[in-house]
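Each protein sequence line maps, in turn, to chains A and B. Using our numbering, you'd call the opening residue of the first sequence number 1 and step up by one each time. Using our numbering, you'd call the opening residue of the second sequence number 1 and step up by one each time. Below is one structure; the comments refer to it alone.
2 protein chains.
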Amino acid sequence: MARSKIDDTELLDRISDVFRRYGYEGTSLSRLTEATGLQRASLYHRFPGGKEEMAEAALTGVDASFVEDILAPLSESGEPTGRVRQTAKRLMAFYDEGKKACLLDTMSLGDKGDPPRAHVRASFEAWIAAMTKIAREAGFTPAMAKRRAEEALVQIQGALVFSRASGDRKPFERAIAALPDLLTGADR
Amino acid sequence: MARSKIDDTELLDRISDVFRRYGYEGTSLSRLTEATGLQRASLYHRFPGGKEEMAEAALTGVDASFVEDILAPLSESGEPTGRVRQTAKRLMAFYDEGKKACLLDTMSLGDKGDPPRAHVRASFEAWIAAMTKIAREAGFTPAMAKRRAEEALVQIQGALVFSRASGDRKPFERAIAALPDLLTGADR
DNA sequence: GTCTATAGCTTGATAGAC
DNA sequence: GTCTATCAAGCTATAGAC
């Protein structure tokens, strides 16, 4: 019998957390056993592909919850600015006010041929697409909409790096606060 | 006598490059021997403190050349906007058009207590101070000047993450192009 | 100042008991 | 489904010859 000590989503959450903090290379099975409470062999039972499969699963899982929870308001109905405000609020919680790093950032270190690179790229593009779409709805030309979406991503990623390196969370708060105007506001 | 196979600055450059690409944990002595052409023991002869001392040296070295080469124009004389343009141009080369990551970013992964964290923090602050100073000269209030400096850093770091994760260098080019106006231009 | 050789630990991964 | 025990390969670091 020996039923699961930990359910699948909780397990994946903890695994993702380790990858998010330490990156792909910095994540060891020891850290994963410590974070999950499962021994090496148990982790391999759930992820026969080992560390690489866990990294892929982490990216897939985080990506899914990001699309469903954070980007979802952008695809609903209602006034664009209000919807971006919803997304901004959820981004704030998702990154724990700037204290948590972005998995896409920490996973993109190392050689170009590293396991999760294609995955990271695709997630990035999904993020941009969703933000471009709402900027379009707000009246921007396709080119300007895409550009604003990219700017939004740049600001958030940059603020997260800033936060991690300096310990000062204010730039992240500002980046989040600026989001509604950036994606749906008038020309600056 | 067995003179140096490689001079100190060239050696440090290659070491810094490895840390920049792989981060602290992702940097192994094997990668360092490969990048430098020196065997393990030779690296330990030059850096008795091992990997940790090499990381510190990399941060110190990059920091010094960054202050002397990239931030220098900001402290010279002449019209502020022109000086920021000089710095922008050198940033472009320093990060190889967005292809190279920032050492401060890749070194700030992992536990808060990791070796180089204090160092990273200090470098970040020096960067902000230099940019704040020139924004002050351009006429901004102290608070606004600091804010613009932080925004500049956020945009550059964010664009570098973007570049690394997506492969698209345009946002980095835009961030660099926007720098003079951001630090010395009129209110947006 | 560089090298080869090696110590001792940690890594990712597997075998097999329960 | 989880565990202990184990493997070969990698790791950081050191000793000692030249």
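Idealized CB from N, CA, C, for every residue including glycine. Source: prediction; values computed, not measured.
Which first and last residues belong to the alpha helix (DSSP H) in which residue i is found?
i	result
B/Phe172	170–184
A/Met190	Coverage of chain A is limited to positions 1 through 188, which leaves residue 190 of chain A absent and any answer about it impossible.
B/Leu10	Looking at the sequence provided, one finds Glu at residue 10 of chain B rather than Leu. Element bounds for B/Glu10: 8–26.
A/Gln157	142–166
A/Ala35	29–36
B/Gly50	50–65
A/Phe124	117–137
A/Leu43	40–46
A/Ala88	80–94
Could you tell me how far apart the beta carbons of residue i and residue j are, in whole angstroms, since I believe they sit closer than 8 Å?
i	j	result
A/Ser163	B/Phe124	Incorrect: roughly 11 Å between the Cβ atoms, too far for contact.
A/Ser75	A/Ala130	7 Å
A/Ile176	A/Ala88	5 Å
B/Gly110	A/Tyr22	5 Å
B/Gly98	B/Phe172	3 Å
B/Ala57	B/Leu12	6 Å
A/Ser16	A/Val62	5 Å
A/Asp105	A/Leu160	7 Å
B/Leu103	B/Phe19	6 Å
B/Ala135	B/Ala145	4 Å
B/Gly37	B/Ile6	6 Å
B/Pro80	B/Ala138	4 Å
Exposed or buried, which one is residue i when buried takes at least 16 other CB atoms within 10 Å?
i	result
A/Met1	Unreliable placement is indicated for A/Met1, whose pLDDT of 47 sits below 50; no coordinate value is reported for it.
A/Glu25	buried
A/Lys51	buried
B/Ala143	exposed
A/Thr141	exposed
A/Gln39	exposed
A/Gly158	buried
A/Ser4	exposed
B/Ser108	buried
B/Ala178	buried
A/Ala93	exposed
A/Ala200	Nothing about residue 200 of chain A can be read from this structure; chain A reaches only from 1 to 188.
B/Ala55	buried
A/Ile156	buried
Could you check whether the stretch 178–186 of chain B touches the stretch 149–160 of chain B, counting it as contact only if at least three pairs of C-beta atoms, one from each stretch, sit closer than 8 Å? yes
Given 8 Å as the limit, is there contact between the stretch 5–20 of chain A and the stretch 36–54 of chain A, that is, 3 or more CB pairs closer than that? yes
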